[in-house]
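Start counting the sequence shown at 1; every next residue gets the next number (the UniProt record's numbering).
Even for Gly, the Cβ is constructed at its ideal location relative to N, Cα and C.
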Amino acid sequence: MFAYINIFKPEIHKINLDSVNYVVNAKGWGDGNISVNDVLQNPKKYKDDYDRINNANLKYPIIMDFKGNIFDGVHRYIKAKKLNKKTIKVYLFNNELLKNFIIDKNSNYNKKLEINEYIELFYKKFHSKLRL
Numbered sequence: 001m002f003a004y005i006n007i008f009k010p011e012i013h014k015i016n017l018d019s020v021n022y023v024v025n026a027k028g029w030g031d032g033n034i035s036v037n038d039v040l041q042n043p044k045k046y047k048d049d050y051d052r053i054n055n056a057n058l059k060y061p062i063i064m065d066f067k068g069n070i071f072d073g074v075h076r077y078i079k080a081k082k083l084n085k086k087t088i089k090v091y092l093f094n095n096e097l098l099k100n101f102i103i104d105k106n107s108n109y110n111k112k113l114e115i116n117e118y119i120e121l122f123y124k125k126f127h128s129k130l131r132l
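See the structure below:
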């Protein structure tokens with residue numbers, strides 16, 4: 001996604017934070033058993049994530065779909081909420097574009113890809129749009 005953003009420079013939107021569809025009670029951080037609320041309620045126990053929230057740079061847009069689901073930028077989103085911001089900068093990706101970032105839905109996610117494999121996959125997905 002970051003290579004796509006750096007190459008194609010999609011439009012940056014500003015959206016109301018209330019339109020983001022992120023459940024702060026949902027488990028998924030750390031080992032998958034930690035929620036945003038766990039981190040906010042116990043900053044000493046979850047110091048790394050708490051520090052990542054506080055140090056998040058709001059100059060960088062979050063990445064989300066049109067349904068309000070965040071793909072990258074939860075720490076920035078939570079920081080903006082903590083600071084009582086009303087809006088946040090986002091890259092909005094539609095479903096057609098998101099399909100390009102699915103490597104293999106049957107894949108073993110524990111398998112590490114080599115950098116050349118990522119480059120090859122990116123090229124296959126976007127070569128027709130690249131100006132080489």
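According to DSSP, what are the bridge partners of residue i?
i     : result
Asp64 : According to the sequence provided, residue 64 is Met. The question's Asp does not apply to it. DSSP, once it has assigned bridges, lists Ile70 and Leu92 as partnering Met64.
His13 : Val90
Ile53 : Looking at the DSSP assignment, Ile53 forms no beta bridge with any residue, so it has no partner.
Ile34 : Trp29
Taking residue i as the reference, which of the options has the closest Cα?
i     : options                : result
Thr87 : Tyr4, Lys14 and Phe8   : Lys14
Asn54 : Arg76, Lys67 and Asp65 : Arg76
Taking CB distances under 7 Å as the criterion, tell me whether residue i reaches chain B.
i     : result
Ser35 : No chain B is present in this structure, which holds just one protein chain.
Where does residue i fall in DSSP's three states?
i      : result
Ser128 : coil
Lys44  : coil
Tyr118 : helix
Lys85  : coil
Leu58  : coil
Asn6   : helix
Tyr22  : coil
**Request:** May I ask you to verify whether the segment 46 to 53 touches the segment 19 to 38, counting CB pairs closer than 8 Å and requiring at least 3?
**Result:** By the criterion of at least three beta-carbon pairs nearer than 8 Å, the segment 46 to 53 is in contact with the segment 19 to 38.
**Message:** Tell me whether the segment 114 to 123 and the segment 85 to 94 touch, counting them as touching only if at least three CB pairs, one residue from each stretch, are closer than 8 Å.
**Reply:** At 8 Å Cβ cutoff, the stretches do not touch.
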